[in-house]
Amino acid sequence: MSGPDVATFFSPGDFLAILPEMVIAGMACVILMVDLVVPRTKRWVVPALSVLSVAAAAWFSWNLAGSGVSAFSGMFVLDGYAAFFKLIFYIVAVFAVFVSIRYIKTEEIDLGEYYVLMLFSLSGMMIMASGSDLLTIYLGLELASLPVYALVGFLQKSRKSNEAAMKYVILGAFSSAILLYGISLIYGLTGTTQLAAISAALETGAVSGPLFTLAVIMLVAGFGFKVAGFPFHMWAPDAYEGAPTPITAFMAAGPKAAAFAVIMRVFLEGLFPAYDNWQMAIAAVAVGSMVVGNITAIMQTSIKRMLAFSSVGHAGYALLGLVAGSEEGIASVMFYLLVYAFMNLGIFGIIIMMRRDSQSGDQISHYAGLAKSNRLTALAMLVFLFSLAGIPPTAGFVAKFYVFMALIHKGMIGLAVVAALMSAVAAYYYIRIVMLMYMREPEKEFLLASSRGILCVLIIALAAVVALGVYPLTYKPRPARRSAVGQERNEMERWYP
Amino acid sequence: MEKLFFLMFAAVAIASGLAVVTARNPVHSALALIVCLIQVAALFVLLRSPFLAAVQIFIYVGAVMVLFLFVVLILDMRKAVLQAFPPVKKRFVVGVILVLMAQILAFVFVTPMGLSPAGGWEPTVESIGRMLFTKYLFPFEVVSVILLAALVAAIVIAKERR
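Protein chains in written order, with our numbering: chain A, 1 to 497; chain L, 1 to 162.
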């Protein structure tokens, strides 16, 4: 039996489309070997190479961005949507490397594999953003999360870190299984895993019934785990608290944004004809996340746990944009995730600075009186906290504003009201830290572990949070789905003026 | 003839499946499970899926079960066997299982299934290999990266550090 010609499935040009992914995965292998020969005095080579490979991948992505190519028989697309998310991932990865350099020396986990695993995870996230087939999306998801499991447990001597990794791995595998079950049901019902074909099959109206509903519920549950939405968020606080702090920052901004990229593509491109079926389920997860995340965050004493619950809340806001289901909704979520990456990396940068020698800096009470001795650090922290709370003129406010507007334009006033109320609740625990920093006397002297890397991240993040807040991207949202090639270029130009 | 074979394999599969649960010695359980999995592989052959049958034997019988047996033999299971299961209300458990089974059956029967075998495509090892290296080349390569990442991750986690 001779199969069809190879050329019907892919062409050499397809490999050009995955060049950024190949650069990252390939460089991860190279760094793995370079790490073996680098002398102990020249450890800086490893993070430098990591940053360089991300920069190279970013350069390739930039040049490929407008092509709108669909490669490997429609399993991989390069549209403006994917390019935008890849931009977020590159920023997160570079920032995470910068804030790690000193931290992993303090914690004595200065191994080259740390950066290698981060790069592998990055390549997985990039495949997720570009995946237009449930198969590639699932594989990208696994590639993005597997290295993070190991990174969470990287602090070998810390029981907390080991426990966090264990919990994360088991719940991650569990959620992957649920997701796969949902995917296989979709495949059984529609006979395809390609999102466009699934959408076409759904449009005929032949696919319905309880089995399809079950499939949708499984997909919502599986993706819900990955973005840590209520009621699938139970792993998040432990994993965030136990992980090395730079990894907490990385996973809260990177893989989470990737999961959102995938959710929006799957639900708005593949399952859009069944909007009525999944809209309520997603809305329930979104409202639950906002309420539970924000209210539980109030009760936390550890700042990492508090930020974990706050990220559950933020996932709720971002999901609202998906509930709106409009082009405006998509654009608002994309903007939200970009802003979240900046403010998240910024605030974790400060938490990492607080970790020095025997000082852990994990507790909220440790921040009492910070403003007395370190005025600028406290000011930066204040801006990030205001942005997380959504107070103008920071970017966090604009991000929330866009999501609310998308909801209101679709007539979902009730959801917008709940979301606004919950951000008032959230303001309490963010501003409590501001109060601690400015109104209390310091208990003891602060020793900040600042480094050039962290300062660089803080300055860029601070500038971005303020700039995006004062001068928000004036854009008319353009849909990611079904947009023509020429429009992609326009979109890119709008995002990178 | 085929029916006869099916009945034979199915009967042995069910019998060995029951033996897995009822055997008191965990090694016996594991061996019975191997028998059960081989029968299922034989059923796959009857369904004209030799590739699936081979995978079933390689992965489940070859890798998973051997690992299982190793763990059973390394850990001292004799003490664990003597301990009774924690008391559970049997009726409650059976009830939950029945409800779940009824649910799955209901889903299967209520939903119209439009499954038809792919035309002119035989699930032989050759055609699957061909598909893996043409249509599914990209996912195939991604899987290899995942395996590499998993290897690195496992070594980093397990290795003793100075």
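From the three backbone atoms N, C-alpha and C, an ideal C-beta is built for every residue, glycine too.
Taking C-beta to C-beta, are residue i and residue j nearer than 8 angstroms?
i        : j        : result
A/VAL99  : A/PRO47  : no
A/TYR168 : A/MET218 : no
A/ALA461 : A/GLY361 : no
A/SER145 : A/GLY172 : yes
A/ALA395 : A/LEU319 : no
A/LEU119 : A/SER53  : yes
A/VAL291 : A/PHE260 : no
A/LYS400 : A/GLY411 : no
A/GLY325 : A/TYR275 : yes
A/SER433 : A/ILE352 : Residue identity check: residue 433 of chain A is Ile in the sequence provided, not Ser. Taking 8 angstroms as the Cβ cut-off, A/ILE433 and A/ILE352 do not qualify as a contacting pair.
A/VAL465 : A/MET334 : no
L/GLN39  : L/ALA23  : no
Using the rule of at least 16 other Cβ atoms within 10 Å of the residue's Cβ for burial, across every protein chain shown, is residue i buried or exposed?
i        : result
A/LYS476 : Because the pLDDT of A/LYS476 is 46, which lies under 50, any placement of that residue in the model is unreliable, and the number read from its coordinates should be weighed accordingly. Burial call: exposed.
A/GLY414 : exposed
L/MET101 : exposed
A/TYR103 : buried
A/GLU21  : buried
A/GLY409 : Sequence inspection shows His at residue 409 of chain A; the Gly mentioned does not correspond to that position. A/HIS409 is exposed by the Cβ-count criterion.
A/SER423 : buried
A/PRO255 : buried
A/SER332 : buried
L/HIS28  : exposed
A/TYR429 : buried
L/VAL152 : buried
A/VAL285 : buried
A/LEU271 : buried
L/LYS135 : buried
A/GLY242 : buried
A/GLY131 : buried
L/LEU98  : exposed
L/SER144 : exposed
A/VAL268 : The residue you asked about is not Val; residue 268 of chain A is Leu in the sequence shown. So A/LEU268 ends up on the buried side.
What is the residue span of the alpha helix (DSSP H) that residue i lies within?
i        : result
A/ASP276 : 275-298
A/LEU16  : 12-17
L/LEU151 : 137-158
A/SER360 : No alpha helix (DSSP H) holds A/SER360; DSSP gives it neither H nor E.
A/ALA82  : 80-106
A/ASP374 : Correcting the residue type first, residue 374 of chain A is Asn in the shown sequence and not Asp. It is not in any alpha helix (DSSP H) - A/ASN374 carries neither H nor E in the DSSP assignment.
A/PRO39  : Where A/PRO39 is concerned, there is no enclosing alpha helix (DSSP H), given that its DSSP letter is neither H nor E.
A/HIS233 : Careful: A/HIS233 lies outside any alpha helix (DSSP H) and carries neither H nor E.
A/GLU163 : 159-190
A/MET510 : Because chain A is modelled from 1 through 497, residue 510 of chain A falls outside the range shown and cannot be assessed.
L/ARG161 : Looking at the DSSP string, L/ARG161 is not in any alpha helix (DSSP H), and its letter there is neither H nor E.
L/ARG130 : 125-133
A/ASN498 : Residue numbering for chain A in the displayed model covers 1 to 497; residue 498 of chain A lies beyond these limits and cannot be assessed.
From residue i to residue j, what distance separates their C-alpha atoms?
i        : j        : result
A/LEU78  : A/ALA196 : 15 angstroms
A/GLY288 : A/ILE298 : 16 angstroms
A/LEU155 : A/ILE459 : 28 angstroms
A/GLY486 : A/ALA463 : Interpretation of A/GLY486 is limited by its pLDDT of 37, a score under 50 that renders its predicted location unreliable; the figure taken from the coordinates is listed afterwards. So the alpha carbons of these two residues sit roughly 31 angstroms apart.
L/ALA41  : A/LEU134 : 28 angstroms
A/TYR115 : A/SER50  : 7 angstroms
A/PRO39  : A/PHE446 : 33 angstroms
A/ALA308 : A/VAL92  : 17 angstroms
A/ALA71  : A/ASP14  : 5 angstroms
A/SER483 : A/GLY222 : The predicted position of A/SER483 is uncertain, since its pLDDT is 40 and thus under 50; no value can be drawn from it.
L/PHE58  : A/PRO147 : 27 angstroms
A/ALA420 : A/ASN277 : 26 angstroms
A/ALA449 : A/ILE350 : 9 angstroms
A/PHE404 : A/SER123 : 32 angstroms
A/GLY80  : L/ILE104 : 41 angstroms
A/ILE198 : A/ILE263 : 15 angstroms
A/THR106 : A/ARG43  : 14 angstroms
A/MET306 : L/GLU160 : 32 angstroms
L/PHE5   : L/ALA19  : 21 angstroms
A/ILE303 : A/PHE174 : 28 angstroms
A/LEU455 : A/GLY321 : 33 angstroms
A/TRP62  : L/ILE74  : 54 angstroms
A/TYR471 : A/ILE88  : 19 angstroms
For residue i and chain B, any beta-carbon pair shorter than 8 angstroms?
i        : result
A/THR136 : Given the protein chain composition of this structure (A and L), no chain B is represented.
Practice task
Would you be able to state if there are at least three C-beta pairs under 8 angstroms between the segment 182-199 of chain A and the segment 160-171 of chain A?
Solution key: no
Practice task
Report yes or no: do the segment 84-95 of chain A and the segment 229-238 of chain A share at least 3 C-beta pairs separated by less than 8 angstroms?
Solution key: no
Exercise for the section: Evaluate contact between the segment 431-441 of chain A and the segment 368-375 of chain A, counting only Cβ atoms and requiring at least three cross-stretch pairs below 8 angstroms. Expected result: yes
Exercise for the section: Would you check if there are 3 or more beta carbon pairs closer than 8 angstroms linking the segment 305-325 of chain A to the segment 246-265 of chain A? Expected result: yes
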